[in-house]
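See structure below.
In UniProt numbering, the protein residues as written are 1 to 475.
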């Protein structure tokens, strides 16, 4: 029997603080050695020559939505394949009961078990779930959910009084109990659970848009006759983000819960997080932004309802403010907010009635390397930190995921930094028929993706079957 299962040699390996020429040895799906001294090929069952390639840790896309608009089993298969093309080896998917997803309401004791059954055997990358307690019963299930490996919980600031998904104008669907008091209950329970566990792994992710501001501004936008994505942006203004962030931060500070502010889209929202830190210096705050908030604007896609998303696409000035925050180290991680949204749900002549969301996980590394590294000068270790190490740490998957240290899962994205391609729909295995990044040229693409020591994607093709596993956290 060989000492190692796999050697990856001659590549430029991206470590936590440097890029180094070294050989990676893999045994039983884990990193067994990192050596700057050559290891004899005969010691391994397989040798992969990575000459000319950059070896980065597999990306951990910690903001996705498997099964939101399609059957969970089928969506898991197609969208985890798409993830592999972007160098993503772990998808973390937000999930809740109610409309969309499995269209079921009830206890997670029943529904989460069914979700695990539907995803098992269908995933091509590893995966886990973040869950949203929608009522008091589900808040009471949080301790049981932690035992099942769920340590991140979600709250939606805009749900009270607004439709959950499609027509974001009227149609209240949440009971009055889904309010700040409910958020307090979630955060208080999260903080309590952290007192029982090592390293405080439990956190609360909040979608920060204020429903009262949105309802008022929808009326203003309609009265002004605005149309398209501009109307949607102005109907859900940065002010709604700011107010929601300050509310969520106040509750988090009082309860002691860890707060993840999701998908920050605007300069005003970013400033609100800075203000929170001034008001509450001891708050446990982490900040996220997305690929589309960094690279797309409503002006670029004004007539394209496929680009409707919550929070909305903003302006070039907002994009620039987020890049500045990334460069200053203020943003903790970048995710895709990937949601396979069929074009049939994107109504050509009805922006308000179109469903929200779109895919993006297949562009995690290409976008961040092209725009972050080549255009904005972020180092490759910083890119890896933003899309792999930090999301793994924040969501208690570290050090199994997101790490290039001995003992971590052997998850890698082998990148050709010189490979430049134009984004086209249909090239990433996603079931989504369009791509909102269509026609954009990106430089720096994964050519090989390795999951737990085995090739799963190579040169545009999926290699092997659905070997993805559920990641039970904390790791």
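Even glycine gets a Cβ: it sits at the ideal position worked out from N, Cα and C.
Cβ atoms of residue 412 and residue 462 stay farther apart than 8 Å, at about 16 Å. Per DSSP, the unbroken alpha helix (DSSP H) holding residue 255 starts and ends at 238-255.
Around the beta carbon of residue 287, 16 or more other beta carbons lie within 10 angstroms, which makes this residue buried. With a 10 Å radius around the Cβ and a threshold of 16 neighbouring Cβ atoms, residue 144 comes out exposed.
The DSSP-derived three-state label of residue 373 is helix. Comparing alpha-carbon positions, the option among 225, 66, 159 lying closest to residue 81 turns out to be 66. Straight-line spacing of the CA atoms in residue 23 and residue 245 works out to 45 Å. Between residue 57 and residue 389 a beta carbon distance of about 7 Å is seen, short of the 8 Å cut, so the two are scored as contacting. As computed with DSSP, residue 287 is found in a beta bridge with 261. Shown here, residue 298 sits in coil according to DSSP, grouped into three states, outside any helix or strand.
Between the segment 212-231 and the segment 246-255, the count of C-beta pairs closer than 8 Å stays below three; the two stretches do not touch. Residue range 412-422 is occupied by the beta strand (DSSP E) that includes residue 412, with no alpha helix (DSSP H) assigned at that position. DSSP assignment within the segment 325-406 yields the following whole alpha helix (DSSP H) runs of 4 residues or more, N-terminal first: 364-367, 380-384, 390-394.
Residue 198 has its alpha-carbon roughly 22 Å from the corresponding atom of residue 406.
Unbroken beta strand (DSSP E) stretches of 3 residues or longer found wholly inside the segment 75-119: 88-95, given in chain order. Annotation: the continuous beta strand (DSSP E) that includes residue 56 extends over 54-57. Taking a cut-off of 8 Å for Cβ pairs, the segment 363-383 and the segment 456-473 do not touch, as fewer than three such pairs fall below it.
If you draw a 10 Å sphere on the C-beta of residue 296, you find 16 or more other C-beta atoms in it, and that means buried.
By the CB criterion at 8 Å, residue 149 and residue 472 fall inside the cutoff. DSSP places residue 126 within a strand segment (E or B) once states are collapsed to three.
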